[in-house]
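Here the structure is laid out as structure tokens; the discussion comes afterwards.
There are 2 protein chains.
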Amino acid sequence: MSGLSTATVTRLPRYLRLLEEMPRETVSSEELAGAAGVTAANARRDLAALGFQGIRGVGYLTTELRDRIRKELGIETRRRVGIVGAGNLGTALARYTGLSKRGFDVAVIYDVHPGRVGQRIGDLTIRHLDDMTADLEKGVFDMAILAVPAGSAQKVADALVEAGVASILNFAPTRVSVPKSVAMRQVDLSNELQILSYYG
Amino acid sequence: MSGLSTATVTRLPRYLRLLEEMPRETVSSEELAGAAGVTAANARRDLAALGFQGIRGVGYLTTELRDRIRKELGIETRRRVGIVGAGNLGTALARYTGLSKRGFDVAVIYDVHPGRVGQRIGDLTIRHLDDMTADLEKGVFDMAILAVPAGSAQKVADALVEAGVASILNFAPTRVSVPKSVAMRQVDLSNELQILSYYG
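Protein sequences, first through last, are from chains A and B.
Counting in the numbering used here, the first sequence runs from 289 upward without gaps.
Counting in the numbering used here, the second sequence runs from 289 upward without gaps.
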């Protein structure tokens, strides 16, 4: 991990998506800026932080920049994701078609309800949460998505941290604490709606 | 809408959540900064843009700042949300407990599948998408959440725009275009995972 600012890191996936869809050999800082919703100067500064200088009147080389961003994000190889919680949300996330084409494989999904464990979601069979620690040690997955009710979120996060997970994406509508050594982000639907309320 | 920067607007819900949970009459810029993941100087600048100056050694008045942010975000009164798509994701979102306590009521959910229309999710009965335009005109909802497959997202967004929706939160794993007059945000799970990959 280099010392990029959080704001820059947050924009890299948006540049990457454009680069992956770009049919041309070069891309302008204006196009990249548009994809990330920032000014062209911002985009140029972000890419300069990765050691990339655009060529005046030409822009950036698409493939080179794409590979560099993938490397920086640590997704040159595919990442294996485990989902905890096989309710409506966990099931929806397991079926979410946007993950596979962006470098992530849902390797496993867990629940604790006897009525769910053993059921299938697409190619996956729902496993009992008790198997999670052994699976993590075997390298079945290394990133976790929390799709459990608010009341269980901290307990499940603690178990994931204890078992050595590298990073957690929290969908539960509650704040969860993890040690600094574990990366965590929260997808907070109400925050998104509040931001939208400002604009419309 | 005042002329706040996108970055500032994006942080307001995080300050607000802290203010809503804060048991004390005052809150420091350090506490606010911690909630939003920025520096205290950033937080002070954000609040100065709202016309708030902290008091040295005291901080900000919790209730006053909370009410000001709610007003700025346009959520002094509750907002009514319509969900389009009653599959796993739409159902999960309709049941998401984090919305109601942050000022949003899911007023209606739509689908087109005969097997779903008429079914119940909690207190809601799934309505046919054909009813959407009339509902929007009657003020049943004014913000929409897109929880449809990628292949239908643009078509449904076009129908919502045509019917006069104010803002759209897009969960479909695809980019959707709307006119500038409509506010839109995309929750992109793969972007979140890519950001996490950088850190862990």
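Quick reminder that beta carbons are idealized off the backbone N, C-alpha and C, glycines included.
- Scanning chain B for C-beta atoms nearer than 8 Å to the C-beta of A:R383 yields N376, reported in chain order.
- Scanning the region 298 to 359 of chain A for uninterrupted beta strand (DSSP E) segments of 3 residues or longer gives nothing; none is fully contained.
- Identification of chain B residues near A:N330 by a Cβ-Cβ cut-off of 7 Å yields none; the smallest Cβ-Cβ distance measures about 10 Å.
- In this structure, B:L377 is the residue among B:L377, B:T314, B:Y384 and B:T385 with its C-alpha nearest to the C-alpha of B:D399.
- Boundaries around A:Q442 are those of the alpha helix (DSSP H), A438 to A451, since no beta strand (DSSP E) includes it.
- Exclusion of the five residues before and after B:G373 leaves A435 and V436 as the residues of its chain whose Cβ lies within less than 6 Å of its Cβ.
- Around A:L424, the same chain offers G370, D430, L448, A451, G452 and V453 as residues with beta carbons nearer than 8 Å, after the five sequence neighbours per side are excluded.
- For A:I483, there is no enclosing beta strand (DSSP E); the residue is found in the alpha helix (DSSP H) stretching over L477 to Y487.
- The alpha carbon of A:P301 has as its nearest neighbour, out of A:E319, A:R368, A:A323 and A:M310, the alpha carbon of A:A323.
- Against chain B, the CB of A:T298 has a partner CB under 8 Å away; the residue lies at that interface.
- Between A:L457 and B:E480, the beta carbon gap of about 6 Å places them in contact (Cβ cut-off 8 Å).
- When the Cα atoms are used, B:A321 and B:V315 turn out to be separated by approximately 11 Å.
- At a cut-off of 8 Å between beta carbons, B:S485 contacts chain A.
- If you check the CB distance, A:I409 and A:R383 come in under 8 Å.
- With contacts defined by Cβ atoms closer than 8 Å, A:L306 and A:E319 form a contacting pair.
- Chain-order list of chain A residues neighbouring B:M310: empty, with the shortest C-beta distance near 13 Å, by a criterion of under 7 Å.
- Listed along chain A are E480, I483 and L484, each with a C-beta nearer than 8 Å to that of B:R473.
- Burial is judged here by how many other beta carbons sit within 10 angstroms of a residue's own beta carbon; B:R344 has fewer than 16 and is exposed.
- Close CB contacts of B:R367 within its chain, under the 8 Å cut and outside five residues either way in sequence, are with G391, F392, D393, D430 and M431 (chain order).
- Distance from the CA of B:A328 to the CA of B:K443, rounded to the nearest whole angstrom, comes to 43 Å.
- Bounds of the alpha helix (DSSP H) holding A:D423 are M420 to E425.
- At a cut-off of 8 Å between beta carbons, A:V396 makes no contact with chain B.
- Contact between B:E364 and B:R358 holds: CB atoms are separated by about 5 Å, below the 8 Å threshold.
- With fewer than 16 other beta carbons inside 10 angstroms of its own, A:A422 counts as exposed.
- When 8 Å is used as the limit between beta carbons, A:V470 is near these residues of chain B: G488, in chain order.
- Of the residues A:I397, A:S469 and A:S455, the one whose Cα lies closest to the Cα of B:S485 is A:S455.
- According to the DSSP assignment, B:L387 belongs to no alpha helix (DSSP H), since it is labelled neither H nor E.
- Interface flag for A:M420 against chain B is unset, since no Cβ pair is found closer than 8 Å.
- According to the DSSP assignment, B:R368 belongs to the beta strand (DSSP E) that extends over R367 to V372.
- Going by beta carbons, A:T296 and B:G325 fall outside the 8 Å limit.
- The CB of A:L387 comes closer than 9 Å to the CB of P461, L477, S478 and L481 in chain B, given here in chain order.
- B:S388 and B:E309 have their alpha carbons spaced roughly 15 Å apart.
- Relative to the Cα of A:L292, the nearest Cα in the group A:L335, A:V396 and A:H416 belongs to A:L335.
- Per the coordinates, the alpha-carbon of B:D446 lies some 7 Å from the alpha-carbon of B:V466.
- Looking at the DSSP output, A:Q474 shares a beta bridge with A:N458.
- By the CB criterion at 8 Å, B:V470 and B:V428 fall outside the cutoff.
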